[in-house]
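Quick note on our numbering: the sequence shown kicks off at 17 and runs consecutively.
Even for Gly, the Cβ is constructed at its ideal location relative to N, Cα and C.
Working notes, beginning with the structure itself.
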Amino acid sequence: MPGLLLGDEAPNFEADTTQGRIRFHDFLGDSLCVPAWGRKVGGGWGILFSHPRDFTPVCTTELGRAAKLASEFSKRNVKMIALSIDSVPDHLAWSKDINAYNGDQPVEKLPFPIIADKNRELAVKLGMLDPDERDKDGMPLTARVVFIFGPDKKLKLSILYPATTGRNFDEILRVVDSLQLTAYKKVATPVDWKSGDSVMVVPTLPDEEAKKLFPKGVFTKDLPSGKKYLRYTPQPE
Ligand code: BEZ
């Protein structure tokens, strides 16, 4: 069955993009960075986000927002790449509209490449098609998929929206912060967490070890069950 599950390795596909031909693993690369929460991490992260079609309204607003947030992704060492089922010349012409929508010069360049997938081969392979949204020829369009790959090139997060619902790219940055923090520290992030808020100690970590690992303190909330599983600690460095 096509598609990607959490933990799957990113397929090392080749594709034409607005910035030339790429091989996906080479594109992801393996540089070093200091993410928002301050500690140096190894390896490159990557985000692949798909779009139903060029020159469509919701997609234009999404790519505009993604372009505005490019420096935030870059700070977190996350390489961005988009996919839409049209050709490179279409993507380049559409990029002018996206820049104009942002109030910028209507140039063909965006801060990330867009993959051309005219025959939907990649969209099929990655399980990205939305069966409910079709083009004028009755062919399915791509859904709004977000795949985030870790430095080991494995899938760490997958979000799937239908073509008719635009994504929230601030939320995507928020989950990148959580993914990067929880990849290196024995913590999990609670509901509505944002970088800088307290985090939860993972349930598998014994209290004694938690005290040593989190010198800023571990704070337990009393609950009617008497179980001490709600353990908070300030976000670790
Ligand atoms: C859009 O990007 O606006 C869109 C694309 C396909 C279906 C519905 C909306």
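| Any heavy atom of the ligand BEZ nearer than 6 Å to the CB - residues listed | P68, R69, T72, P73, V74, C75, E149, L157, A179, T180
| Relative to the alpha-carbon of V104, which residue among I114, P129, F235 has its alpha-carbon at the smallest distance? | Counting from 1 along the sequence shown, the entry for residue 104 is found at position 88. Ranking the options by Cα distance to V104, first place goes to P129.
| query | Given that a residue counts as buried once 16 or more other Cβ atoms are within 10 Å of its Cβ, and exposed if not, what is V94? | reply | Position 78 of the sequence shown holds residue 94. V94 comes out buried.
| request: Can you check DSSP and say which residues form a bridge with S87? | output: Here residue 87 refers to the residue found at position 71 when the sequence shown is read from its first residue. S87 pairs with nothing; no bridge assigned.
| task | Sort F165, L239, R190 by Cα distance to F43 and report the nearest one. | result | Sequence index remark: in the sequence shown, residue 43 carries index 27 (1-based). Of F165, L239, R190, the residue nearest in Cα terms is F165.
| field | Inter-stretch contact (C-beta, 8 Å, three-pair minimum) for the segment 150 to 167 and the segment 176 to 187 | value | yes
| Terminal residues of the alpha helix (DSSP H) in which I114 lies | For this step, residue 114 is matched to residue 98 along the sequence shown. Unbroken alpha helix (DSSP H) run through I114: 104 to 117.
| Can you pull the DSSP bridge partners for M216? | Residue numbering aside, residue 216 sits at position 200 when the sequence shown is read from its first letter. Bridge partners of M216: A204, Y248.
| request: Pick out whichever of V215, A116, I175, K170 has its Cα sitting closest to the Cα of F40. | output: Here residue 40 is taken as the residue at index 24 of the sequence shown, counted from 1. With distances taken between Cα atoms, F40 lies closest to K170.
| field | Closest by C-alpha distance to K91, when choosing among L189, R150, D168 | value | Residue mapping note: residue 91 aligns to position 75 of the sequence shown, counting from 1. By alpha-carbon distance to K91, the top candidate from L189, R150, D168 is L189.
| query | Does DSSP put I101 in a helix, in a strand, or in coil? | reply | Taking the sequence shown and counting its residues from 1, the one referred to as residue 101 is at position 85. Residue state, collapsed to three classes: coil.
| Can the beta-carbon of L20 be found closer than 7 Å to that of L142? | As a first step, residue 20 is located in the sequence shown; it is residue number 4 there, counting from the start. As a first step, residue 142 is located in the sequence shown; it is residue number 126 there, counting from the start. Cβ atoms of L20 and L142: closer than 7 Å.
| query | Which whole-angstrom value describes the C-beta separation of T236 and K228, a residue pair presumed to lie in contact below a C-beta threshold of 8 Å? | reply | Numbered from its first residue, the sequence shown carries residue 236 at position 220. Numbered from its first residue, the sequence shown carries residue 228 at position 212. Actually they are not in contact, since the Cβ atoms of T236 and K228 sit about 16 Å apart, beyond 8 Å.
| message | If you measure between the beta carbons of L221 and K202, is that distance less than 7 Å? | response | To locate residue 221, count along the sequence shown from 1; it is residue 205. To locate residue 202, count along the sequence shown from 1; it is residue 186. Yes, Cβ-Cβ distance for L221 and K202 is below 7 Å.
| Option in H107, E25, D24 with minimal Cα separation from K134 | To locate residue 134, count along the sequence shown from 1; it is residue 118. Out of H107, E25, D24, H107 has the C-alpha closest to the C-alpha of K134.
| field | Distance CB(F230)-CB(T249) smaller than 7 Å | value | Counting from 1 along the sequence shown, the entry for residue 230 is found at position 214. Counting from 1 along the sequence shown, the entry for residue 249 is found at position 233. Yes, these two residues count as a Cβ contact at 7 Å.
| Member of T72, R81, A82 whose CA lies at the smallest distance from the CA of D151 | Position 135 of the sequence shown, counting from 1, holds the residue named residue 151. Answer by Cα proximity: T72.
| said: At the level of alpha carbons, what is the spacing between D102 and P147? | reply: Residue 102 sits at position 86 when you count from the first residue of the sequence shown. Residue 147 sits at position 131 when you count from the first residue of the sequence shown. Each residue's Cα considered, the two are about 18 Å apart.
| field | Rounded straight-line distance, which links the Cα of D213 to that of W61 | value | In the sequence shown, counting from the first residue as 1, residue 61 sits at position 45. In the sequence shown, counting from the first residue as 1, residue 213 sits at position 197. Straight-line Cα distance between these residues: approximately 23 Å.
| said: The beta strand (DSSP E) that contains V162, what's its start and end? | reply: Your numbering for residue 162 matches position 146 in the sequence shown. First-last of the beta strand (DSSP E) with V162: 160 to 165.
| For K169, three-class secondary structure by DSSP | On the sequence shown, position 153 is the one that residue 169 refers to. Coil.
| request: Give the C-beta separation of V207 and R247 to the nearest angstrom, bearing in mind that I take them to be a contact with Cβ-Cβ under 8 Å. | output: As a working mapping, residue 207 is identified with position 191 in the sequence shown. As a working mapping, residue 247 is identified with position 231 in the sequence shown. V207 to R247, Cβ: 15 Å. No contact.
| query | So what does DSSP say about F185, is it helix, strand or coil? | reply | Counted from its first residue, the sequence shown places residue 185 at position 169. It is helical.
| query | For F185 versus L64, is the C-beta spacing smaller than 7 Å? | reply | The residue labelled residue 185 in the question sits at position 169 within the sequence shown. The residue labelled residue 64 in the question sits at position 48 within the sequence shown. Pairing F185 with L64 gives a Cβ-Cβ distance that is not under 7 Å.
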